[in-house]
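K.L.:
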Amino acid sequence: MSWVTMIGQSIAFFIFVWFCWKFIWPFLIGAMRERQQTIADGLEAASKAQRDLEHAEARAEEILNEARAEARGIVDDARGQAAQMIDNARSDAESERERILKAAQADVAQEVNRAKESLRGEVADLAVMGAERILEASIDRERHDALLDRVAAEL
Amino acid sequence: MAEDAGGYITHHLTNLTYGKHPEDGWGFADTAEKAAEMGFWSIHVDSIAWSVGLGVVFCLVFRSAAKRATAGVPGGLQNAAEIIVDFIDDTVSSIFQHRNDIIAPMALTIFVWVFLMNLMDLVPVDWIPKLASVLGVEYMKIVPSTDPNVTLGMSFTVFFLIIYYSIKVKGVGGFFKELLCHPFPWYLFPVNFLLETVTLLAKPISLGLRLYGNLFAGEMIFILIALLYGGIVLSFAGGVLQWGWAVFHVLVITLQAFVFAVLTVIYLAQAHDTSEEH
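Chains G and V are the protein sequences, given in the same order. Each residue of the first sequence is one higher than the last, beginning at 1 in our numbering. Each residue of the second sequence is one higher than the last, beginning at 156 in our numbering.
Take a look at the structure:
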């Protein structure tokens with residue numbers, strides 16, 4: 001046995017343990033813990049981003065659906081409005097046509113009446129004229145006939 | 156070879172001893188007998204030098220890893236250091252539940268240091284003693300853990316820490332109460348004291364002798380196989396045997412280093428336990 005060797009080994013043991021405790025262990029374990037934390041944070045952030053993405057996708061879908069519904073509403077409205085406008089235009093046109101037709105008919109009737117009036121006057125004149133001629137030359141039968149033909153042709 | 160086999164073995168088992176010889180005075184012992192005669196106050200220079208040297212290697216290597224330690228992508232050295240640190244940290248935290256941040260670094264130091272000391276066992280037995288004798292140094296034992304003074308030196312340090320932490324955690328009264336009132340009721344305190352003292356002393360002695368015994372036996376086998384050398388066939392057989400034993404020994408040296416570290420942690424955990432039930 002050698003006490004000095006034992007004691008020397010004990011002292012060396014203390015010094016190395018102290019050195020490791022002060023200058024080795026905290027740095028290595030610190031770096032490892034920090035890396036562990038970084039990785040944990042990274043994973044956490046990734047899963048949070050995943051959740052956010054799903055959230056955003058759901059939200060986008062919602063907005064899209066809303067927009068689709070709105071567009072459908074607008075199209076339906078427009079279609080209704082267009083039909084309404086066409087109906088209005090048709091009924092306007094119908095009543096216009098009615099009005100124009102009526103006016104034209106009234107004009108025609110007036111013209112006819114006026115023509116009739118003037119014809120009536122002229123017939124009376126012709127009849128008077130014819131009667132005068134007949135009275136002037138009532139001897140000649142043949143001439144009567146010719147005259148009457150002429151009157152008739154003039155009618 | 157056979158006639159000086161005994162001398163060969165003795166040579167390999169003798170430490171380079173410095174001390175005061177009764178007749179020759181201070182100096183290095185030049186024979187195994189003189190080394191033995193130097194007694195308690197001699198020092199095994201080779202054991203101390205190799206063990207301190209290997210401890211310094213541990214400190215330098217791990218310190219350089221620690222200095223460059225980054226939480227980012229670790230380099231090769233940091234990676235290797237972290238594997239060991241992580242392994243030790245896991246082991247310690249599963250055994251030692253109390254708050255004491257010196258336990259884990261101590262376990263790391265013990266594990267790596269004892270491993271390095273044991274590793275010297277794998278250096279072929281004659282290389283360094285031959286080199287030393289060429290340089291004029293008569294004896295050179297390069298495996299510090301085959302020296303019982305080294306292993307017991309470490310285990311009695313652990314013993315000192317067991318008592319220190321026992322008293323620190325439980326107080327002097329608590330420590331003696333544990334010695335006297337356990338495992339039998341208090342009125343059997345002489346029996347208790349005897350049993351508990353034996354239990355307490357058995358810890359460092361078994362701890363130190365286990366490491367010493369395993370490594371000494373391993374070293375002895377290497378030396379005995381080395382005796383085979385001589386002639387082509389025997390030398391070849393000896394080489395194969397050395398190699399085979401070395402491969403097996405890799406397991407032993409790692410395991411013994413781990414056992415020493417783990418037992419230290421267990422003993423210190425027991426020292427921290429305030430309500431022991433057993």
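Even for Gly, the Cβ is constructed at its ideal location relative to N, Cα and C. These numbers were taken from a predicted model, which means no experiment stands behind them.
1. Quick check: is the beta carbon of G:I156 nearer than 7 Å to any beta carbon in chain V?
2. Measuring CB to CB, does V:P299 end up less than 7 Å from V:V305?
3. Measuring only the C-alpha atoms, how far is V:V216 from G:Q50?
4. Can you name the residues of chain V whose CB is closer than 8 Å to the CB of G:I7?
5. Evaluate G:H55 with the Cβ neighbour count: other Cβ atoms within 10 Å of its Cβ, from every protein chain shown; 16 or more gives buried, anything less gives exposed.
6. If we cut at 7 Å on Cβ distances, does G:R72 have a partner in chain V?
7. If you draw a straight line from the alpha carbon of G:S47 to that of V:D302, how long is it in whole angstroms?
8. What residues are listed by DSSP as bridge partners for V:I198?
9. Does the count of Cβ pairs from the region 255 to 272 of chain V and the region 231 to 246 of chain V closer than 8 Å reach three?
10. Does the beta carbon of V:M295 sit closer than 7 Å to a beta carbon anywhere in chain G?
11. V:E188 CB to nearest chain G CB: under 7 Å?
12. So, for G:A82: in the same chain, excluding its five sequence neighbours on each side, which residues have a beta-carbon less than 6 Å away from its beta-carbon?
13. What are the residues of the region 239 to 259 of chain V that lie near chain G, defined by any Cβ-Cβ distance shorter than 7 Å?
14. Could you confirm whether any beta carbon from chain G is found closer than 7 Å to the beta carbon of V:E432?
15. Assign G:F16 to one of three DSSP states: helix, strand, or coil.
16. Does any C-beta atom of chain A lie closer than 7 Å to the C-beta of G:E44?
17. At 8 Å on the CB atoms, spell out the chain G contacts of V:M261, in chain order.
18. One question on the structure: do V:V207 and V:Y173 come within less than 7 Å of each other, judged by their Cβ atoms?
19. Looking at V:A262: is its Cβ nearer than 7 Å to the Cβ of V:V420?
20. Given that a residue counts as buried once 16 or more other Cβ atoms are within 10 Å of its Cβ, and exposed if not, what is V:M156?
21. Contact check, V:I408 vs V:F270 under 8 Å by CB: the rounded distance?
22. With the cut-off set at 7 Å, would you say G:V4 and V:I198 are in Cβ contact?
23. Counting only Cβ-Cβ distances shorter than 7 Å, please list the residues of the region 197 to 211 of chain V near chain G, keeping chain order.
P.N.:
On the basis of the data shown:
1. The displayed coordinates of chain G run from 1 to 155. Any statement about residue 156 of chain G would go beyond what the structure contains.
2. Cβ atoms of V:P299 and V:V305: closer than 7 Å.
3. In this structure, the CA atom of V:V216 is about 43 Å from the CA atom of G:Q50.
4. Within 8 Å Cβ-Cβ: G308.
5. It is exposed - the Cβ of G:H55 has fewer than 16 other Cβ atoms within 10 Å.
6. For G:R72, not one C-beta of chain V is nearer than 7 Å to its own C-beta.
7. When rounded, the distance between both Cα atoms is 57 Å.
8. DSSP links V:I198 through a beta bridge to V:Y173.
9. Touching, per the Cβ criterion.
10. Taking 7 Å as the CB threshold, V:M295 stays off the interface with chain G.
11. So no, V:E188 is outside the interface.
12. Sequence-distant partners of G:A82 (beyond 5 residues in either direction) whose C-beta falls short of 6 Å from its own C-beta are missing from its chain.
13. Going along the region 239 to 259 of chain V in chain order, one finds V240, D241, D244, I257, A259 with a Cβ nearer than 7 Å to chain G.
14. Here V:E432 scores only 49 on pLDDT, less than 50, and its place in the model should not be relied on; the value that follows carries that caveat. No, V:E432 lies away from the interface with chain G (no Cβ there is under 7 Å from its Cβ).
15. Three-state result, G:F16: helix.
16. Structure shown: chain A not included; protein chains present are G and V.
17. Correct list: V17, C20, W21.
18. Result no, Cβ atoms of V:V207 and V:Y173 do not sit closer than 7 Å.
19. Yes, the pair counts as a contact, with Cβ atoms nearer than the cut-off.
20. Confidence at V:M156 is low in this model, with a pLDDT of 42, below 50, so the placement of that residue should be treated as unreliable; the coordinate-derived value is given next. Exposed: under 16 other Cβ atoms inside 10 Å.
21. Confirmed, about 6 Å.
22. Remark: C-beta atoms of G:V4 and V:I198 approach each other more closely than 7 Å.
23. For the region 197 to 211 of chain V, which is checked against every Cβ of chain G, the residues closer than 7 Å are S197, I198, H199, S202, I203, S206, V207, G210.
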